[in-house]
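Residue numbers (full-length UniProt numbering): 1 to 63. No residue lacks a Cβ here, since even glycine has one placed at the ideal position from N, Cα and C. On a predicted model such as this, the values are computed, not experimentally measured, just so you know. I have placed the structure first, in the form of structure tokens, so that the comments after it can refer back to it.
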Amino acid sequence: MDDVGGGKVKKAAGGRKAGRPRKKAVTRSVKAGLQLPVSRIGRYLKKSRPLIINYPIANMPLE
1 MDDVGGGKVK KAAGGRKAGR PRKKAVTRSV KAGLQLPVSR IGRYLKKSRP
51 LIINYPIANM PLE
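Rendered as structure tokens:
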């Protein structure tokens, strides 16, 4: 009567092995030694890049 769950051993979330402590996440801001949000700034730069590339003056040929 103890084996009600079908006999399968449950793993921790994400397929990790149970019992090992999870490493503390290190942000890119901490790695860079900065207080500003490095990831957020990078995301904004990625979003704005196509706008700069498709700007008409940037695509004009030089004469």
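If you run the structure through DSSP and keep just helix, strand and coil, what is Arg20? Against the sequence shown, residue 20 aligns to sequence position 20. Annotated three-state conformation of Arg20 is coil, per DSSP.
Mind checking which residues open and close the alpha helix (DSSP H) that includes Val30? One-based indexing of the sequence shown puts residue 30 at position 30. From DSSP, the alpha helix (DSSP H) with Val30 extends over 28-32.
Pair within 8 Å by beta-carbon distance, Pro37 and Ser29: Taking the first residue of the sequence shown as 1, we reach residue 37 at position 37. Taking the first residue of the sequence shown as 1, we reach residue 29 at position 29. Cβ atoms of Pro37 and Ser29: closer than 8 Å.
Backbone secondary structure at Leu45 - three-state DSSP: The residue given as residue 45 occupies position 45 in the sequence shown. If DSSP states are grouped into helix, strand and coil, Leu45 belongs with the helices.
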